[in-house]
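Working notes, beginning with the structure itself.
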Amino acid sequence: MKGSGTEGKQLAAAMALLIVLLGCSLGNAWYAQRLTEAIAKPLEQAQHLARADRWEEAAKLTQGSYDNWNGHHFYLHAVLRHSDTDQILRSFRATLEYLKLEELDQYAAANADLLAQLELLAEMEQAALVNVL
């Protein structure tokens, strides 16, 4: 039974690596959820402000969310699909343009789409059976 100690060490190392990877995956899912919530909350508030004809305040909140998104650019591109992050960036820009025009219908639709994309992005990172399959 020579080498059984080596096999045991290799198995232990493999298990340790799997545990570390699982921890990183769960940590990333938690962080992505918190980040998207922090970005989405001001967008929801901005929508209420725009409906109350407080466009300047809505624009400031939306710009703050956009800046928060851009502030996490490296993380977002390192761990998420580029096509998803690029689409959210385009949606932010469209939403900001509709805010400048003070066009409620177009802005509300663009903002709702942006919020849905953020929600889907967070869901995509969660440890769920549907995401594994």
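Heads up: the sequence shown begins at 62 in the numbering used here, then just goes up one per residue. Each residue gets a CB set at the ideal place from its N, CA and C atoms; glycine is no exception. Everything numeric in this text was worked out from a predicted model, so none of it was measured.
Considering only their Cβ atoms, is the gap separating residue j from residue i smaller than 9 Å?
i	j	result
A157	Y127	According to the sequence shown, residue 157 is Leu rather than Ala. In contact: L157 and Y127 (Cβ atoms closer than 9 Å).
L107	E186	Inspection of the sequence shows that residue 107 is occupied by Ala rather than by Leu. Result no, Cβ atoms of A107 and E186 do not sit closer than 9 Å.
Y136	L96	yes
L150	W130	yes
W116	L176	no
A173	E98	no
A101	L179	yes
Could you tell me which of the options sits nearest to residue i, measuring between CA atoms?
i	options	result
A170	L83, L104 and K70	L104
E163	E118, L176 and A177	E118
Q124	H138, A155, T146 and W91	A155
L181	L79, T146 and K70	T146
A120	Y168, W91 and L79	Y168
Contained alpha helix (DSSP H) runs [length at least 4] in the segment 106-165, N- to C-terminal order: With a minimum length of 4 residues, the continuous alpha helix (DSSP H) runs that stay inside the segment 106-165 are 116-132, 134-140 and 143-162.
Determine, using beta-carbon pairs with one atom in the segment 139-148 and one in the segment 65-79, whether at least three such pairs fall under 8 Å. Judged by Cβ distances under 8 Å, the segment 139-148 makes no contact with the segment 65-79, as fewer than three pairs qualify.
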